[in-house]
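Take a look at the structure below.
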Amino acid sequence: MDLTIALYICLAVLGVILFAGSSIRPVSDAAFFDRVSSKEIQGALAVFIIFHQTVVALEANGEAGDMEFFYYYGILAVAFFFFSSGFGLLKRRMTDEHYIKGFMRRRIFTVLVPFFICNYIYLTDALLNNIIFRKSFGFGEVILSFFGIFLVNNEMWFAVEIMILYAAFRLVFAKIRKPLTGIIIMTCVVLIMMTIGLFSGHSTTGIMSYWFKGEWWYNTIFMFPIGMLYAYKEEQINKVIKKAFASILIASSILFIIMDHIHRNLISISIYWTEDYKPHHILDKLTGLGQETLFELIFLILVITLMSRIKIGNPVIKFFGKISLEVIMLNYLMIDKLYFLYTMYGIGVYLPAVVTGTIVSASLVYLVKNIVLERRSGLFDGKVT
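Written out as structure tokens, the structure is:
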């Protein structure tokens with residue numbers, strides 16, 4: 009299959025997943041962004057991330073073609089995940105004074121359990137590959153990987169970072185009652201994490217990596233406190249959006265196109281991996297970080313503005329929303345293990361196989377997670393957990 013045709017098919021699939029069953033939102037709806045709708049959008053974005061990561065693998069071999077479209081927008085998908093998390097946590101904290109009780113099991117363990125399941129899958133695969141290719145890990149590397157301090161696959165970074173944010177939120181809001189004070193403290197925590205990532209550079213090995221190695225550790229995380237701020241001022245912000253809908257939609261759309269153009273140009277002159285060959289690499293990284301942060305913010309404004317008029321929801325998107333975390337963590341395994349299909353049959357066989365394999369494996373991990381956590385929520389019951 010031609011890569012251009014594959015691109016159009018992928019975009020059509022995403023459009024159907026996102027908008028099937030959608031309707032015009034009633035004018036009386038004062039709140040149009042909640043845990044249910046955000047989880048549904050995350051479901052569509054999880055599929056988008058599969059496409060994005062697949063294209064990253066193809067791009068590394070110079071074979072992405074027109075599918076390169078997906079290469080540039082992975083940060084926007086991840087930014088939405090962080091934004092939704094920040095929004096959801098503070099919203100629940102503000103409406104439920106007992107929310108912090110049982111927070112570890114309800115939130116952190118929900119990520120921790122699938123993280124270690126996926127971690128051991130990757131570790132087992134890495135050890136088997138070492139046997140096949142007659143290489144070896146040091147004992148210390150295996151131990152650190154076993155406990156998740158080393159990431160056998162750095163695509164697992166999102167789970168680590170969201171758990172750190174959850175833990176920080178738990179510590180902060182166990183003591184702090186005023187939402188704005190908590191937001192300020194959490195923003196400081198995020199800025200510290202961003203600084204660590206900014207100066208950490210990249211892993212020198214493609215097999216194992218310490219935490220905070222790579223731009224992805226810091227170039228989307230600032231949307232977490234932005235999501236918290238939106239939850240805190242939701243009523244006022246929503247009134248402005250509803251009152252000036254057309255103006256905000258047009259302005260954010262134009263700015264999105266401009267930011268997209270700037271972002272592509274910055275990537276072409278390189279804002280990533282600059283420590284390898286630029287004497288003032290931190291300035292390049294800061295330039296990229298500043299532009300990407302603004303790009304993400306405009307994207308989120310555009311999405312929320314559209315959500316003020318469009319109500320989405322269908323069984324497929326609810327299903328993908330449930331397994332979105334597992335999809336993010338496991339999709340690289342399928343991208344790597346099924347790459348021979350691309351070599352033999354092209355994108356028309358490879359990409360559907362990657363999507364199918366990721367969905368099946370993510371669903372299995374989700375079911376195991378629920379068994380471990382003694383949850384009754386099934387894959388198809390539509391409940392948000």
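Just so you know, the numbering used here puts 137 at position 129 of the sequence shown, and the rest follows in order with no gaps. Glycine included, C-beta positions come from ideal geometry on N, C-alpha and C. No experiment lies behind these values; they were computed from the predicted model shown.
| Item | Value |
| --- | --- |
| 6 Å CB neighbourhood of residue 195 in its chain, flanking five on each side removed | 233 |
| Residue 173: first and last residue of the uninterrupted alpha helix (DSSP H) it sits in | 165-183 |
| Boundaries of the alpha helix (DSSP H) in which residue 74 is found, first to last residue | Premise fails: residue 74 is in no alpha helix (DSSP H) and is neither H nor E. |
| Residue 351 versus residue 253: straight-line alpha-carbon distance, rounded | 48 Å |
| As assigned by DSSP and simplified to three states, the class of residue 250 | helix |
| Residue environment, residue 298, which counts as buried when at least 16 other CB atoms sit within 10 Å | exposed |
| Complete alpha helix (DSSP H) runs within the stretch 298-375 (minimum length 4 residues, chain order) | 323-330, 332-345, 347-353 |
| Residue span of the alpha helix (DSSP H) that contains residue 159, given as start and end | No alpha helix (DSSP H) holds residue 159; DSSP gives it neither H nor E. |
| Run of the alpha helix (DSSP H) containing residue 240, from where it starts to where it stops | 231-240 |
| Cβ shell of residue 52 (< 8 Å), same chain only, five flanking positions each side left out | 22, 25, 26, 325, 328 |
| Residue 217, DSSP secondary structure in three states | strand |
| Assigned exposure category for residue 180 - 16 Cβ within 10 Å defines buried | buried |
| Cβ neighbour criterion (16 or more within 10 Å) applied to residue 12 | exposed |
| Where residue 32 falls: helix, strand or coil (DSSP) | strand |
| Close Cβ partners of residue 83 (< 7 Å) along its chain, the five nearest in sequence each way excluded | 227, 228, 300, 304 |
| For residue 68, three-class secondary structure by DSSP | helix |
| C-alpha distance - residue 256 paired with residue 244, whole-angstrom precision | 15 Å |
| Sub-8 Å separation of residue 342 and residue 365 beta-carbons | yes |
| Straight-line Cα distance separating residue 56 from residue 362 | 12 Å |
| Closest Cα partner of residue 222 within the set 98, 132, 190, 281 | 281 |
| Other residues of its chain near residue 308: CB distance less than 6 Å, five sequence neighbours each side excluded | 91 |
| With 16 other Cβ atoms within 10 Å as the buried cut-off, status of residue 111 | buried |
| Minimum C-alpha distance to residue 201 - residue among 186, 166, 189 | 166 |
| Status (buried if at least 16 other CB within 10 Å, exposed otherwise) for residue 205 | buried |
| Residue of 39, 378, 291 minimising C-alpha distance to residue 278 | 291 |
| Test item: CB-CB of residue 15 and residue 77 under 8 Å | yes |
| Reduced DSSP secondary structure (H/G/I, E/B, other) of residue 381 | coil |
| Any 3 or more C-beta pairs closer than 8 Å across the stretch 258-267 and the stretch 113-122 | no |
| Beta-carbon gap between residue 33 and residue 317 smaller than 8 Å | yes |
| Status (buried if at least 16 other CB within 10 Å, exposed otherwise) for residue 294 | exposed |
| Distance between residue 246 and residue 369 (C-alpha atoms, nearest Å) | 39 Å |
| Integer Cβ distance of residue 235 from residue 94, believed to fall under 8 Å | 3 Å |
| DSSP-derived helix/strand/coil call for residue 271 | helix |
| Contact belief for residue 50 with residue 340 at Cβ below 8 Å, rounded distance in angstroms | That belief does not hold up - the Cβ atoms of residue 50 and residue 340 are roughly 18 Å apart, past 8 Å. |
| Of the residues 36, 66, 45, 48, the one placed nearest residue 359, counting alpha carbons only | 66 |
| Nearest candidate by alpha-carbon position, reference residue 156, set 114, 379, 219, 192 | 219 |
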